[in-house]
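Plus 52 on top of the position in the sequence shown (first one is 1) and you've got this note's numbering.
First the structure, in the form of structure tokens, and then the observations on it.
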Amino acid sequence: GLSVVVGAVLALTLRIALRVMSPTSENTAILLLALIAAGAALAAHFGGSAPLAALLGGMLLKQLNPRPWSWPRQMGTASSMLTMLMFVLVSVVAAQADWSGPVAGLVIALVIARVAAKITGVAIGNVGSGASWKQALWVGCAMSPMSSVALLLVSQFVSASGSLGRQIAGVALPAILLMEVLGAVLATVAIYRAGESSKPWAPLTRGPSSGPVHEP
């Protein structure tokens, strides 16, 4: 309940701010990061879920204004740095889990079930969308990487559930570590196979009137 309230307040505040501020302004980027940090801190302090509040806020904001925004270039730079930092931090924490034969089997089963569920969900939503079944299959594969939100949810569940949480974390942490590495590779291949990008691994060739490009 508290996470929903914080997410709603965050979305409404951002919606009001974006009515009077330009999305491409540096001040807007600073305000956005400050509001997300403040909302996450308040949700965590009063017993809510910080990642859930941020996710709900983003979903509600998208529903209030479905038109895409053009964010400042600084947001892209900050996002890239935060992504690399989170990748390292999540890997360091997830690598502390103990690996064994039964754990490896559960991790593989979990990863397969997760990928199958995503592909099934995309395939169901593909009906009437105009996309081909091949694209739906590869879009589902492209959704396989796990984010730092999964680690935050696992850590909160461990602190709230005690021994049961530690047992679940023993399987979830290796799965997060595996999908951070394997999922990124699978997503790259899936985006290419869906016809949405060139071969990122192909050698660079220089076009006649442009810079280096990847071979198709």
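Think of the CB as a built atom: it goes at the ideal place given N, C-alpha and C, for glycine as much as any other residue.
Taking DSSP as the reference, what is the three-state secondary structure of residue i?
| i | result |
| --- | --- |
| Gln115 | helix |
| Pro226 | helix |
| Thr76 | coil |
| Arg71 | helix |
| Gly110 | helix |
| Gln208 | helix |
| Ala102 | helix |
| Ser181 | coil |
| Val265 | Because Val265 carries a pLDDT of 49, less than 50, the predicted location of this residue cannot be relied on, and the following value inherits that uncertainty. It is a strand residue. |
| Gln148 | coil |
| Ser198 | It should be noted that the sequence gives Met, not Ser, for residue 198. In the structure shown, Met198 sits in coil (DSSP, three-state: anything other than H, G, I, E or B). |
| Gly214 | coil |
| Gly59 | helix |
| Gly91 | helix |
| Gly53 | coil |
Taking buried to mean at least 16 other C-beta atoms within 10 Å of its own C-beta, is residue i buried or exposed?
| i | result |
| --- | --- |
| Gly173 | exposed |
| Ala242 | buried |
| Gly180 | exposed |
| Ile228 | buried |
| Glu78 | exposed |
| Ala156 | exposed |
| Gly80 | In the sequence as displayed, the identity of residue 80 is Thr instead of Gly. Flag for Thr80 reads buried. |
| Ala105 | buried |
| Leu66 | buried |
| Gly91 | buried |
| Gly59 | buried |
Quick one: give me the first and last residue of the alpha helix (DSSP H) that residue i is part of.
| i | result |
| --- | --- |
| Ala175 | Gly153 to Gly177 |
| Ala188 | Trp185 to Ala194 |
The ligand HEM and residue i: does any heavy atom of the ligand fall closer than 7 angstroms to the residue's C-beta?
| i | result |
| --- | --- |
| Ala90 | Judged by which ligands are present, the structure shown has none, so any question about the ligand HEM falls away. |
Okay, do the stretch 201-214 and the stretch 153-173 touch, 3+ Cβ pairs below 8 angstroms being the bar?
Verdict: no, contact absent.
Quick check: the stretch 219-228 against the stretch 103-117, are there 3 or more CB pairs under 8 angstroms?
No: fewer than three Cβ pairs fall under 8 angstroms.
Do the stretch 92-102 and the stretch 134-152 meet, that is, are 3 or more Cβ pairs less than 8 angstroms apart?
When C-beta atoms of the stretch 92-102 are compared with those of the stretch 134-152, fewer than three pairs fall below 8 angstroms, so the two segments do not count as touching.
Below 8 angstroms, how does it come out for the stretch 106-113 and the stretch 181-191: are there three or more Cβ pairs, yes or no?
Not touching, per the Cβ criterion.
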